[in-house]
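Colleague: No gaps in the numbering here: position 80 of the sequence shown is 79 in numbering that gives the first Met the number 0, and each next residue is one more.
Quick reminder that beta carbons are idealized off the backbone N, C-alpha and C, glycines included.
I'd like to ask some things about the structure below.
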Amino acid sequence: MSRIGAVFDRNAQRGRTALVPYITAGDPEPGVTVPLMHAMVDAGADILELGVPFSDPMADGPVIQAACERALKHHMSLNDVLAMVRDFRQRDDRTPVVLMGYLNPIEVMGYGTLAASAADAGVDGVLTVDLPPEESHDLLVELHDRRIDPIFLIAPTSDSGRISRICAAASGFVYYVSLKGVTGSSALDVSSVASRLEIVRKLSDLPIGVGFGIKDPETAAQVARIADAVVVGSAIVNLVAANAGDAAMIREHVGGLLSSMRAAMDANSPGEDAA
């Protein structure tokens, strides 16, 4: 079983929802990233999403756009991100790492080279924001050969046919975008998200992660009641930006947010007391 599958299997047995924080690799500078990854695991993260800095992150709002700009000032490349995962694996061979980014750097590297290098580094999943499932065959072949899960986004506007196509191409889990717009948007409507997740669950057995608009322990707990994973991005990246000159403070503040989210989510988990 893959690391991602093992997380959802363990959590299903415990009645627990996965916590999936996102950071942009190399933000605010490369030396911060790997220690922060370990700190997030210590604070209760189950799966890590590691953003590959990109110059035109069209699905992301101003918070993550700025994070990409900070990282790119240090000339962060896809190879640099893979080296960070390899470094992370020196101490942690259990926590899944999902690369999240855009297609252009992958195309430049080449699908086969990316899959081989990612597997060698210890990457478990790849989410390519701007690659539709209908155009993903060649990359999927390479990822499947290396036992790397391709993760896809499901939009609030996706109809049943498209949801089925996305789920057929994906493995590990699917990522439901909880609201229209870019990352960091507000006004999360949990009841509306719950209705949409019921449709997805009728079409696929894959675990569902929900992201966009989750900013605090309260919203994390609300989403944990209806999803298999809670994905948190902009709220964390805001803390990175606010403490950009002090790596220890970044770890402290991000760890504090994740610990409070973990506690709020676990308060909803009837099986957690028995774990």
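To the nearest whole angstrom, what separates the beta carbons of L257 and P29, a pair I think is in contact under 8 Å?
Modeller: The sequence position of residue 257 within the sequence shown is 258, counting from 1. The sequence position of residue 29 within the sequence shown is 30, counting from 1. With 8 Å as the limit, L257 and P29 do not qualify as a contact, their Cβ atoms being about 21 Å apart.
Colleague: Within 10 Å of its beta-carbon, does Y175 have 16 or more other beta-carbons around it, so buried, or fewer, so exposed?
Modeller: Along the sequence shown, one-based indexing puts residue 175 at 176. It is buried - the Cβ of Y175 has at least 16 other Cβ atoms within 10 Å.
Colleague: If you follow the alpha helix (DSSP H) that E68 is in, where does it begin and where does it stop?
Modeller: Looking up residue 68 in the sequence shown gives position 69. Looking at the DSSP string, the run of the alpha helix (DSSP H) that includes E68 is P61 to L71.
Colleague: When the Cα atoms are used, what is the spatial distance from D215 to I235?
Modeller: Residue 215 sits at position 216 when you count from the first residue of the sequence shown. Residue 235 sits at position 236 when you count from the first residue of the sequence shown. If I take the Cα positions, the gap works out to 10 Å.
Colleague: If we count Cβ pairs, one from each stretch, closer than 8 Å, do we get three or more for the segment 194-214 versus the segment 223-234?
Modeller: Touching, yes.
Colleague: On the DSSP letters alone, give me the boundaries of the beta strand (DSSP E) that E48 sits inside.
Modeller: By one-based count along the sequence shown, residue 48 stands at place 49. Where E48 is concerned, the enclosing beta strand (DSSP E) stretches over L47 to G50.
Colleague: Compute the Euclidean distance between the alpha carbons of A263 and V173, then round it to the nearest angstrom.
Modeller: Residue mapping note: residue 263 aligns to position 264 of the sequence shown, counting from 1. Residue mapping note: residue 173 aligns to position 174 of the sequence shown, counting from 1. Spanning the two alpha carbons is a distance of roughly 23 Å.
Colleague: Between the C-alpha atoms of D272 and S191, what's the straight-line distance to the nearest angstrom?
Modeller: Your numbering for residue 272 matches position 273 in the sequence shown. Your numbering for residue 191 matches position 192 in the sequence shown. For D272, the predicted model reports a pLDDT of 49, less than 50, meaning its position is unreliable and no value from the coordinates is stated.
Colleague: With respect to the beta strand (DSSP E) encompassing V96, which residues constitute its N-terminal and C-terminal limits?
Modeller: In the sequence shown, the residue the question calls residue 96 occupies position 97. Residues V96 to G100.
Colleague: Given R250, which residues of its chain have a CB within under 7 Å of its CB, disregarding the five upstream and five downstream residues?
Modeller: What you label residue 250 is simply residue 251 of the sequence shown in a count that begins at 1. P34, L35 and A38, listed in sequence order.
Colleague: In the DSSP output, what is I150 paired with across the bridge?
Modeller: Taking the sequence shown and counting its residues from 1, one reaches residue 150 at position 151. Per DSSP, L126.
Colleague: Starting from the Cα of Y101, find the closest Cα among A228, R261, F151 and R85 and give me that residue.
Modeller: As a working note, residue 101 is residue 102 in the sequence shown. The candidate whose alpha carbon is nearest that of Y101 is F151.
Colleague: Closer than 8 Å is the cut-off here; do at least three beta carbon pairs connect the segment 154-168 with the segment 126-137?
Modeller: Result yes; three or more Cβ-Cβ pairs closer than 8 Å.
Colleague: Can you tell me which of the three DSSP states A273 falls into?
Modeller: Residue 273 sits at position 274 when you count from the first residue of the sequence shown. Caution is warranted here: a pLDDT of 41 is assigned to A273, below 50, making its placement in the model unreliable, and the coordinate value is therefore given only provisionally. If DSSP states are grouped into helix, strand and coil, A273 belongs with the helices.
Colleague: Give the secondary structure of G210 by DSSP, where H, G and I count as helix, E and B as strand, and everything else as coil.
Modeller: Counting from one through the sequence shown, the residue named residue 210 turns up at place 211. Strand.
Colleague: What's the call for G25, buried or exposed, on a 16-neighbour Cβ count within 10 Å?
Modeller: Counting from one through the sequence shown, the residue named residue 25 turns up at place 26. G25 should be labelled buried.
Colleague: Kindly indicate which three-state DSSP category P20 falls into: helix, strand or coil?
Modeller: By 1-based counting over the sequence shown, the position of residue 20 is 21. Of the three classes helix, strand and coil, the one that applies to P20 here is strand, per DSSP.
Colleague: Grouping DSSP H, G and I as helix and E and B as strand, with all else coil, what is A228?
Modeller: In the sequence shown, counting from the first residue as 1, residue 228 sits at position 229. Here A228 sits in strand by DSSP.
Colleague: Do you know whose CA, among M99, L18, G14 and P52, lies nearest M75's CA?
Modeller: For the purposes of this step, residue 75 is identified with residue 76 of the sequence shown, where counting begins at 1. The candidate whose alpha carbon is nearest that of M75 is P52.
Colleague: Starting from T218, trace the alpha helix (DSSP H) in both directions and tell me its first and last residue.
Modeller: As a working note, residue 218 is residue 219 in the sequence shown. That run of the alpha helix (DSSP H) goes P216 to A223.
Colleague: What do you reckon, are the CB atoms on V253 and T16 nearer than 7 Å?
Modeller: Residue 253 sits at position 254 when you count from the first residue of the sequence shown. Residue 16 sits at position 17 when you count from the first residue of the sequence shown. Not in contact: V253 and T16 (Cβ atoms no closer than 7 Å).
Colleague: If we count the other Cβ atoms within 10 Å of its Cβ and call it buried at 16 or more, is S177 buried or exposed?
Modeller: Here the question's residue 177 lines up with position 178 in the sequence shown. So S177 ends up on the buried side.
Colleague: Name the two residues that bound the continuous alpha helix (DSSP H) containing E141.
Modeller: Here residue 141 corresponds to residue number 142 of the sequence shown, with the count starting at 1. Segment H136 to D144, the alpha helix (DSSP H) holding E141.
Colleague: Can you name the start and end residues of the alpha helix (DSSP H) that H314 belongs to?
Modeller: Lying outside 0 to 274, the shown extent of the chain, residue 314 is not represented and no answer is given.
Colleague: Could you work out which residue in I147, L138 and V128 is closest to A154 when comparing CA atoms only?
Modeller: Within the sequence shown, numbered from 1, the residue matching residue 154 stands at position 155. Ranking I147, L138 and V128 by Cα distance to A154 puts V128 first.
Colleague: Using a threshold of 7 Å, state whether the C-beta atoms of V84 and V96 are closer than that.
Modeller: Counting from one through the sequence shown, the residue named residue 84 turns up at place 85. Counting from one through the sequence shown, the residue named residue 96 turns up at place 97. Going by C-beta atoms, V84 is nearer than 7 Å to V96.
Colleague: So, D123 versus I213, is the Cβ gap smaller than 7 Å?
Modeller: The sequence position of residue 123 within the sequence shown is 124, counting from 1. The sequence position of residue 213 within the sequence shown is 214, counting from 1. Not a contact, by the Cβ cut-off of 7 Å.
Colleague: Could you tell me the boundaries of the alpha helix (DSSP H) in which S177 lies?
Modeller: Locating residue 177 in the sequence shown gives position 178, where the first residue counts as 1. Unbroken run through S177: none, as it is neither H nor E.
Colleague: Measuring straight from C-alpha to C-alpha, what distance separates S268 and G121?
Modeller: Taking the sequence shown and counting its residues from 1, one reaches residue 268 at position 269. Taking the sequence shown and counting its residues from 1, one reaches residue 121 at position 122. So the alpha carbons of these two residues sit roughly 30 Å apart.
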